[in-house]
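Colleague: In the working numbering, the protein residues as written are 1 to 368.
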Amino acid sequence: MIVEAFIPKSYTKHRSKGSVSWSSPSNIALVKYWGKKEHQIPANPSMSFTLDYCKTTTILEFEAKENTTAFSFDVFLDGAQKDDFKPKIETFFKRIELYVPFLKNYHFVIKTKNSFPHSSGIASSASGMSALALCLMSLEEQLLDATPQSENDAAQSYFYRKASFLARLGSGSACRSLEGDIIVWGDHKDITNSTDLFGVKYPFEVHENFKNYQDTILLVDKGEKQVSSTLGHDLMHNHTYASQRFRQAHDNISKLVEVFKKGDLEAFIAIVESEALTLHGMMMTSMPYFILMKPNTLAIINKIWQFREDTGLHISFTLDAGANVHVLYPKNETEKILDFIKAELVAYCQNGHYICDEIGFGAKQLPI
Ligand code: PMV
């Protein structure tokens, strides 16, 4: 699939050397993306909260080179060379070369760091790929005779749409990390301008209850996942329950539109927890089947349910493709819920490790 709108006509300026930098956050899906078609097209639409604290900061240094037949780059994480990151970036570059045809004209040094520990079990692909996509867009901006994104709305929306489009080709959920605070990715009948190609800002009214929502991430298992999300997505092909699941995601997004408008916390909790368990249900009913939750994941879920019943507070959970638990709650309930987390849940975390995060508003360009 070729998307003409994102292929630049020609580059009119030359830059021999320079650098750009962006920080981009992680995001947590409320309605999950699980299953994809060719070219990173999602099998169903998804919706997420952009996070604030968990982010990747990337500096992209570029220098023009003579030989333009191959990609050339080095990657550093926290100052240390990471050759094991190279295959993923090479694949990313191959997928996006048509849209950013300057890639082979430069040698790149990609210097990256995460605000969260690399071995925390928190996927850095969403924040990492979106930060890199934004850096490439900033370089492209320097090569074009076009209005810079900072100068008008049309230029800005093209910049972000294309950056999200590129990020999606690196890692699907990365396309939801560039802006905030609620993002929809995937064509959905009720969401204006939604598309499979990039993430869009949620366009409707959001009740005060959902402003500054909190996400405390409980790090239950910091190890490498036994099954990658690439393989997990693949197992949705020919999955017995796939078509029903994809329909459910569409329905849940429609329901969330009403929920966000009314501020209905109970309905929000029911949809979001069901989405999390459905995601893991899909994993458990794939062939071959697999389980990413750990005993402590289930212990935490049961504790959350009991606490919610005892107190009437609006604590809930969601999961991504791993054992860690994202504890979600409205900001005005923070004090009591954080006390509960510290007293009752932290014991289930590996080395007592957890991260307090909240809804954020997207990526930021950094001065060099
Ligand atoms: O972006 P990927 O290919 O790593 O897939 C992410 C899938 C989930 O995190 C499980 C759900 C989602 O929508 O983020």
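Heads up, the beta-carbon is just placed ideally off N, CA and C, and yes, glycines get one too.
Remember, predicted model here, so these are calculated numbers, not experimental data.
Taking the continuous alpha helix (DSSP H) assigned at residue 194, which residues delimit it?
Modeller: What you label residue 194 is simply residue 194 of the sequence shown in a count that begins at 1. Where residue 194 is concerned, there is no enclosing alpha helix (DSSP H), given that its DSSP letter is neither H nor E.
Colleague: Mark residue 361 as exposed unless 16 or more other C-beta atoms lie within 10 angstroms of its C-beta, in which case mark it buried.
Modeller: Position 361 of the sequence shown, counting from 1, holds the residue named residue 361. So residue 361 counts as exposed.
Colleague: Need the endpoints of the alpha helix (DSSP H) that residue 158 sits in, please.
Modeller: Within the sequence shown, the letter at position 158 stands for residue 158. From DSSP, the alpha helix (DSSP H) with residue 158 extends over 153-170.
Colleague: By how many angstroms is the C-alpha of residue 322 removed from the C-alpha of residue 296?
Modeller: Here residue 296 is taken as the residue at index 296 of the sequence shown, counted from 1. Here residue 322 is taken as the residue at index 322 of the sequence shown, counted from 1. Going by the C-alpha atoms only, they are around 12 Å apart.
Colleague: Less than 8 Å between C-beta atoms, sequence neighbours within five positions excluded: which residues of the same chain meet that for residue 274?
Modeller: Here residue 274 refers to the residue found at position 274 of the sequence shown. Counting only Cβ-Cβ distances below 8 Å, and skipping sequence neighbours, we find 252.
Colleague: Between the C-alpha atoms of residue 145 and residue 312, what's the straight-line distance to the nearest angstrom?
Modeller: In the sequence shown, residue 145 corresponds to position 145, counting from 1. In the sequence shown, residue 312 corresponds to position 312, counting from 1. Going from the Cα of residue 145 to the Cα of residue 312 covers about 57 Å.
Colleague: Are the Cβ atoms of residue 217 and residue 324 separated by less than 8 Å?
Modeller: Looking up residue 217 in the sequence shown gives position 217. Looking up residue 324 in the sequence shown gives position 324. Cβ distance < 8 Å, so residue 217 and residue 324 count as in contact.
Colleague: Is it the case that the CB of residue 33 approaches a heavy atom of the ligand PMV more closely than 7 Å?
Modeller: Against the sequence shown, residue 33 aligns to sequence position 33. Flag set: Cβ of residue 33 near the ligand PMV.
Colleague: What do you reckon, is the C-beta of residue 281 under 7 Å from a heavy atom of the ligand PMV?
Modeller: Start at 1 with the first residue of the sequence shown, and residue 281 comes out as number 281. No, the ligand PMV has no heavy atom inside 7 Å of this Cβ.
Colleague: Residue 31 lies in the beta strand (DSSP E); which residues open and close that run?
Modeller: Taking the first residue of the sequence shown as 1, we reach residue 31 at position 31. Residue 31 -> beta strand (DSSP E) spans 17-31.
Colleague: Quick one: Cα of residue 182 to Cα of residue 43, how far?
Modeller: The residue you call residue 182 lines up with position 182 of the sequence shown. The residue you call residue 43 lines up with position 43 of the sequence shown. Distance between the alpha carbons of residue 182 and residue 43: 20 Å.
Colleague: My output table needs one value for residue 343: the three-state DSSP class, helix, strand or coil.
Modeller: Residue 343 sits at position 343 when you count from the first residue of the sequence shown. Helix, per DSSP.
Colleague: For residue 114, which beta-bridge partners are listed by DSSP?
Modeller: As a position in the sequence shown, residue 114 is number 114, starting the count at 1. DSSP output for residue 114 lists 56 as bridge partner(s).
Colleague: Out of curiosity, what's the CA-to-CA distance linking residue 163 and residue 85?
Modeller: The residue given as residue 163 occupies position 163 in the sequence shown. The residue given as residue 85 occupies position 85 in the sequence shown. The alpha-carbon atoms of residue 163 and residue 85 are separated by roughly 20 Å.
Colleague: With a threshold of 8 Å on Cβ separation, who are the neighbours of residue 141 within its own chain once the five nearest residues in sequence on each side are excluded?
Modeller: On the sequence shown, position 141 is the one that residue 141 refers to. Taken in chain order, the residues that qualify are 148, 149 and 159.
Colleague: Quick check for students: name the residue ranges of the beta strand (DSSP E) that lie wholly in the region 243-325, counting only runs of 3 or more.
Modeller: Segments of the beta strand (DSSP E) lying fully in the region 243-325: 316-319.
Colleague: In or out: residue 231 buried (at least 16 other Cβ within 10 Å) or exposed?
Modeller: Here residue 231 corresponds to residue number 231 of the sequence shown, with the count starting at 1. Burial call: exposed.
Colleague: Just the Cα atoms here: how many angstroms apart are residue 257 and residue 61?
Modeller: The residue given as residue 257 occupies position 257 in the sequence shown. The residue given as residue 61 occupies position 61 in the sequence shown. When rounded, the distance between both Cα atoms is 42 Å.
Colleague: Relative to the C-alpha of residue 7, which candidate in 80, 19, 102 and 69 has its C-alpha closest?
Modeller: If you number the sequence shown from 1, residue 7 lands on position 7. Among 80, 19, 102 and 69, the Cα nearest to that of residue 7 belongs to 102.
Colleague: Determine which residues share a DSSP beta bridge with residue 100 and list them.
Modeller: As a working mapping, residue 100 is identified with position 100 in the sequence shown. Paired residues: none, contrary to the question.
Colleague: My assumption, with CB atoms under 8 Å, is that residue 366 sits in contact with residue 57. Please give the rounded CB distance.
Modeller: Locating residue 366 in the sequence shown gives position 366, counting from the first residue. Locating residue 57 in the sequence shown gives position 57, counting from the first residue. Between residue 57 and residue 366 the Cβ distance is about 7 Å, and since that is below 8 Å, they are a contact.
Colleague: Specify the secondary structure class of residue 73 as computed by DSSP and reduced to three states.
Modeller: The residue labelled residue 73 in the question sits at position 73 within the sequence shown. Reduced to three states, the DSSP call for residue 73 is strand.
Colleague: Among residues of its own chain, excluding the 5 on either side of residue 68, which ones have a beta-carbon nearer than 6 Å to its beta-carbon?
Modeller: The sequence position of residue 68 within the sequence shown is 68, counting from 1. Around residue 68: 104 and 105.
Colleague: Give a yes or no on whether the C-beta atoms belonging to residue 284 and residue 239 are separated by under 8 Å.
Modeller: The sequence position of residue 284 within the sequence shown is 284, counting from 1. The sequence position of residue 239 within the sequence shown is 239, counting from 1. Not closer than 8 Å, so no.
Colleague: Name the DSSP beta bridge partners of residue 47, please?
Modeller: Translated into the one-based positions of the sequence shown, residue 47 becomes position 47. Residue 47 pairs with 31 and 184.
Colleague: Only counting the same chain, and skipping five residues up and downstream in sequence, which positions put a Cβ closer than 7 Å to that of residue 78?
Modeller: Translated into positions along the sequence shown, residue 78 becomes position 78. The residues are 113.
Colleague: CB-CB under 7 Å to residue 245, same chain, minus the five flanking residues each way: which ones, in chain order?
Modeller: Here residue 245 refers to the residue found at position 245 when the sequence shown is read from its first residue. Hits under 7 Å: 278 and 282.
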